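Worksheet: one structure, shown below.
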Amino acid sequence: MSNIRITKQFNFETGHALFGYDGKCRNVHGHSYKLSVTVIGTPITDTSHVKLGMVIDFGDLKKIVKEEIVDKFDHATVFNKNTPHVELAKELTDRGHNVILADYQPTSENMVIDFAAKIKSRLPENITLFSLKLQETDSSFAEWFASDN
Numbered sequence: 592m593s594n595i596r597i598t599k600q601f602n603f604e605t606g607h608a609l610f611g612y613d614g615k616c617r618n619v620h621g622h623s624y625k626l627s628v629t630v631i632g633t634p635i636t637d638t639s640h641v642k643l644g645m646v647i648d649f650g651d652l653k654k655i656v657k658e659e660i661v662d663k664f665d666h667a668t669v670f671n672k673n674t675p676h677v678e679l680a681k682e683l684t685d686r687g688h689n690v691i692l693a694d695y696q697p698t699s700e701n702m703v704i705d706f707a708a709k710i711k712s713r714l715p716e717n718i719t720l721f722s723l724k725l726q727e728t729d730s731s732f733a734e735w736f737a738s739d740n
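Per my numbering, the sequence shown starts with residue 592, numbered consecutively.
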């Protein structure tokens with residue numbers, strides 16, 4: 592049986608700031624992120640299985656990505672926990688805002704690495720994360736490929 596890749600796309604709004612950066616992105620701002628999640632596996636061939644012909648049910652993949660990424664990052668503000676933005680983060684949190692203090696500078700590159708680890712840990716053992724594409728703007732994105740890692 593052939594290996595097949597399937598992709599599901601997600602959208603979420605997230606704010607962030609890049610402490611120490613030498614451009615505009617050092618300021619708190621946000622993006623309408625688009626995340627494409629591609630997994631690879633063999634379609635189910637058991638004729639008695641309710642998911643016959645599927646690599647993974649799109650709904651099951653959606654549940655994993657929503658719980659691990661979208662529900663946490665949508666309308667949140669992400670700061671590197673090792674920067675002075677922690678003071679701003681505390682104030683925002685005290686005012687009821689959703690703030691994530693990450694172990695990394697919240698660039699698209701680092702976010703896609705984080706997302707890959709989170710998604711991989713939840714996939715069924717017969718399904719492999721093939722790639723992620725995190726689009727920050729219409730013309731800017733970061734990609735993660737299993738083959739590169």
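Ideal Cβ placement from N, Cα and C applies to all residues, glycine included.
None of these values were measured; they are calculated from a predicted model.
Identity of the residue in the options nearest residue i by Cα
| i | options | result |
| --- | --- | --- |
| V656 | D739, T598, F732, S730 | T598 |
| N717 | D705, T633, K663, A707 | T633 |
| P715 | G687, L725, A693, V630 | V630 |
| S699 | K654, D739, A608 | A608 |
| F603 | N701, C616, V661 | V661 |
| K653 | Q600, R686, F736, W735 | Q600 |
Contact under 8 Å by Cβ, residue i with residue j
| i | j | result |
| --- | --- | --- |
| D665 | T728 | no |
| P697 | F732 | no |
| T668 | H640 | no |
| L683 | V677 | no |
| E659 | R713 | yes |
| D651 | L643 | no |
According to DSSP, residues forming a beta bridge with residue i
| i | result |
| --- | --- |
| G650 | The partner list for G650 (beta bridge, DSSP) is empty, contrary to what the question assumes. |
| L714 | In the DSSP output, where bridge partners are listed per residue, L714 has none listed. |
| T638 | Paired residue(s): none; T638 is not in a bridge. |
| V630 | I597, L720 |
Integer-rounded CB distance, given that residue j should sit under 8 Å from residue i
| i | j | result |
| --- | --- | --- |
| S627 | K709 | Rounded, the Cβ-Cβ distance is 15 Å, inconsistent with contact. |
| K672 | A693 | 6 Å |
Residue i: CB within 7 Å of a non-hydrogen atom of the ligand ZN
| i | result |
| --- | --- |
| W735 | This structure lacks the ligand ZN, and indeed carries no ligand of any kind. |
What are the start and end residues of each continuous beta strand (DSSP E) run of 3 or more residues lying completely inside the region 598-628, in chain order?
none
Inside the region 670-733 only - beta strand (DSSP E) runs reaching at least 3 residues
Here the runs fully enclosed are 690-693, 719-728.
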